[in-house]
Amino acid sequence: MSFRLTFIFFLVMGVSFSQKEANVWHFGEGYCLDFNSGVPVQSPSQMFTAEGCTSYCDENGNLLFYSNGGGRVPASGQDGGKIWNKNNQVMYDMQGTEGGGWSAAQSSVIVPAPGESNVLYLFTVEEQEHYVDATPAVLAAEPNGRGFRYFKIDMSLNGGLGAVVEADVPVYDYSFEGICAVRHANGSDYWILINQDTSGIGVYSVTPNGVQLAGVYPAPTSTSGGIIKSSPFPFIPGQTCCNKVMTPAGLFDFDLSTGQLNFETDFGGNVTSSFEFSPNGYYLYATIFDPVTFNSQLLQYNILQASQTGQTLVSTAQVVAANFEGVYMQLAPDGKIYFTEPAFDPITGDFTTFLGTVNCPNTSNPSVSIDVFSYPCDLINSFGFYTLPNFPSCIFYNSYEAQIQFGADTVFLCSGDSLLLNAGQGSSWQWGGDASTNSGQFYTVTSPGIYSATVSGPCGLGSDQIVVLLCAIEEPTDSNAVAFTFPNVITPNSDGANDFFAIENLPVNTELFILNRWGNVVFSSTNYQNNWNGEDNSGTALLDGVYAYKYTTEAGTTGHGFVHLVR
1391 MSFRLTFIFF
1401 LVMGVSFSQK
1411 EANVWHFGEG
1421 YCLDFNSGVP
1431 VQSPSQMFTA
1441 EGCTSYCDEN
1451 GNLLFYSNGG
1461 GRVPASGQDG
1471 GKIWNKNNQV
1481 MYDMQGTEGG
1491 GWSAAQSSVI
1501 VPAPGESNVL
1511 YLFTVEEQEH
1521 YVDATPAVLA
1531 AEPNGRGFRY
1541 FKIDMSLNGG
1551 LGAVVEADVP
1561 VYDYSFEGIC
1571 AVRHANGSDY
1581 WILINQDTSG
1591 IGVYSVTPNG
1601 VQLAGVYPAP
1611 TSTSGGIIKS
1621 SPFPFIPGQT
1631 CCNKVMTPAG
1641 LFDFDLSTGQ
1651 LNFETDFGGN
1661 VTSSFEFSPN
1671 GYYLYATIFD
1681 PVTFNSQLLQ
1691 YNILQASQTG
1701 QTLVSTAQVV
1711 AANFEGVYMQ
1721 LAPDGKIYFT
1731 EPAFDPITGD
1741 FTTFLGTVNC
1751 PNTSNPSVSI
1761 DVFSYPCDLI
1771 NSFGFYTLPN
1781 FPSCIFYNSY
1791 EAQIQFGADT
1801 VFLCSGDSLL
1811 LNAGQGSSWQ
1821 WGGDASTNSG
1831 QFYTVTSPGI
1841 YSATVSGPCG
1851 LGSDQIVVLL
1861 CAIEEPTDSN
1871 AVAFTFPNVI
1881 TPNSDGANDF
1891 FAIENLPVNT
1901 ELFILNRWGN
1911 VVFSSTNYQN
1921 NWNGEDNSGT
1931 ALLDGVYAYK
1941 YTTEAGTTGH
1951 GFVHLVR
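With our numbering applied, the sequence shown corresponds to residues 1391 to 1957, in that order.
Written as structure tokens, this is what we have:
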């Protein structure tokens, strides 16, 4: 029997592009940023809020709806709470009596409803100002505010503009300022984290069965008034770094499978409400107040380094900006972290909110740009704005940096086959070793050798090399021998094409293992039936990327190769 291994192996830079559900931002006093072109483009909005807001797009970056999260109508005349559709029309008016509070730093967040097509949840939480601007009658009826609530929106209704099918459903009546959505390890359900009165952080599961309390986890100090941020780092079996949750009380480790939180670091109690994770989840950016100088510094903490070396996270800190005035930070689809910087001119009386960026946050050498956008605020009819839209952090997972990650150091190439090496994103490329002169992103290998590449990008330089060896092929013992071939890519999107890892002329009783880039077995079968569809043995969808396979036939012949999983 002869075995011919046919494949094209994509050697990527570790690039995993963020999703498009957060590509359109609505915030502040009628402002919108559209990231679909690759750079943020300003456009008008009906949004009116001082702080909390959220928006959500479909998988192609088309806006679905947005909201300020609700709240009571304040004396200044600001909006009491609405949900707007993609045409900037009111989908639902909360009339100042439903939802949470637009003055909550994170008033709301949107997630898809698990198990329901075209249905989404809008979750809301109350503002601390409830105790200040609520009337005596409201305080008597709602002594703890409206707390944690949700709306369900069916986007198949109203000609695709959507409609609310469940409104203002109460979940917990004592929750202020912070709400965070984290995707479950199974890839479809969600965890919602809130400030659970003054007890700590409440973790709620969102499944096809609804919204249920999973647990309440104490913090060393009260979190009743703080924002909650989570790392975009995905669930990877066997990976102990870097699923984290951050609040002003400190950093927590978060189990994406169980929803359990474990407290790790408190940063000396000097953390402000301005912090965010890098798109790859390896770094934490936090604004630390110095009680001696009365200035705030933006620091970068290396979560991956602390995990690998055992050193404390605080000891990995490096200063990114010595005098930092950012109030709220938010990951963006362009791979940067945006922050708000409100400024008041006491001479002119003008109030302006500036947007700045932390550039190259996936690297150890980030930089800060200030005044990328500026928004004048009307203090006569409003209070200005301070925060940016809130999204599930998983949308922003992006491991891009100027660092080539070829994966396996050695691969095997069968005679007559080829390898397509992809050095990924960058502004220039240089191939070396046994590669002929080439300055493009791709290089096709047709013979054994050592191949290297260096890429230059906006965030620095990176390089790696790979050794390509000639594979051994068992020649047929008779003229009736039949070769079998392996696909180089599967796209399990249920379109009927390449949904499965289907091996042509597969011998019976062939044992197959699928391994991730860390060498962990994610799928196995002792009698493979061409049924691997990009899920592990428990049925959980695996992340896009390159996976290795190993096989052993009933006759004892072994081999291995690589397949690219693309959804």
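Using N, Cα and C, we set each Cβ at its ideal position, and we do this for glycine too.
When the Cα atoms are used, what is the spatial distance from residue i to residue j?
i	j	result
Y1607	P1732	33 Å
G1949	Y1939	8 Å
L1933	F1741	45 Å
F1381	T1637	Not covered by the structure: residue 1381. The range shown for the chain is 1391 to 1957.
A1945	S1842	37 Å
N1534	A1527	13 Å
W1821	S1846	12 Å
T2029	L1811	Given that the chain is displayed from residue 1391 to residue 1957, the structure contains no residue 2029 and the question cannot be resolved.
F1786	L1721	7 Å
I1737	C1767	16 Å
T1514	G1489	6 Å
A1862	V1414	Because A1862 carries a pLDDT of 45, less than 50, the predicted location of this residue cannot be relied on, and no value is offered for it.
Q1485	F1541	14 Å
P1838	Y1728	46 Å
F1903	A1892	14 Å
G1605	T1834	52 Å
N1692	V1704	9 Å
T1747	Y1776	15 Å
D1807	N1920	23 Å
L1896	V1912	21 Å
D1724	S1817	16 Å
C1632	T1444	25 Å
N1452	Q1409	12 Å
S1589	Q1602	18 Å
A1440	V1429	25 Å
A1887	E1894	15 Å
N1906	V1936	7 Å
N1749	I1678	19 Å
T1699	I1591	29 Å
F1644	K1634	5 Å
Provide the residue(s) that pair with residue i in DSSP beta bridges, ordered along the chain.
i	result
F1644	L1651
Q1820	T1844
E1449	E1449 pairs with nothing; no bridge assigned.
G1592	I1584 and V1606
I1500	L1512
E1901	T1942
Q1687	I1678
K1634	D1643
K1619	M1636
Y1833	L1811
P1434	Y1421
V1911	L1905
G1949	Y1941
S1457	T1444 and I1473
Do residue i and residue j have their CB atoms nearer than 9 Å?
i	j	result
F1538	V1572	no
D1782	P1669	Position check: residue 1782 holds Pro in this sequence, whereas Asp was assumed. No.
L1646	A1696	no
F1566	S1620	no
Y1673	L1651	no
T1743	G1774	yes
I1582	V1596	yes
E1925	S1914	no
Y1446	E1411	yes
I1584	G1568	yes
F1763	L1454	no
S1427	G1505	no
L1510	P1502	yes
Y1765	Y1421	yes
A1639	D1656	yes
F1417	L1955	no
Given the structure, does residue i come close to the ligand MN, in the sense that its CB is under 8 Å from one of the ligand's heavy atoms?
i	result
T1743	For the ligand MN, the structure offers nothing, since it holds no ligand at all.
Go through the region 1525–1585 residue by residue and report every complete run of the beta strand (DSSP E) that reaches 3 residues or more, in order. List check, beta strand (DSSP E) in window: 1538–1544, 1553–1562 and 1569–1573.
Does the region 1455–1462 come close enough to the region 1490–1499 to have 3 or more Cβ pairs within less than 8 Å? Here the region 1455–1462 lies against the region 1490–1499, with 3 or more beta-carbon pairs under 8 Å apart.
Is the number of C-beta pairs between the region 1474–1493 and the region 1425–1445 that are closer than 8 Å three or more? Yes, the region 1474–1493 is in contact with the region 1425–1445.
Report the residue ranges of all beta strand (DSSP E) runs contained in full by the region 1691–1735; include only those spanning at least 3 residues, in chain order. Counting only runs of 3 or more, we get 1708–1711, 1718–1721 and 1727–1734.
Count the C-beta pairs between the region 1820–1834 and the region 1656–1665 that are closer than 8 Å, then say yes if the count reaches three, no if not. The region 1820–1834 vs the region 1656–1665: no contact.
Can you confirm whether the region 1700–1716 touches the region 1676–1688 when touching is taken to mean that 3 or more C-beta pairs between the two stretches lie within less than 8 Å? Verdict: yes, contact present.
Going residue by residue through the region 1736–1773, where are the continuous beta strand (DSSP E) segments of at least 3 residues, counting only ones entirely within it? Listed in chain order, they are 1741–1749 and 1757–1767.
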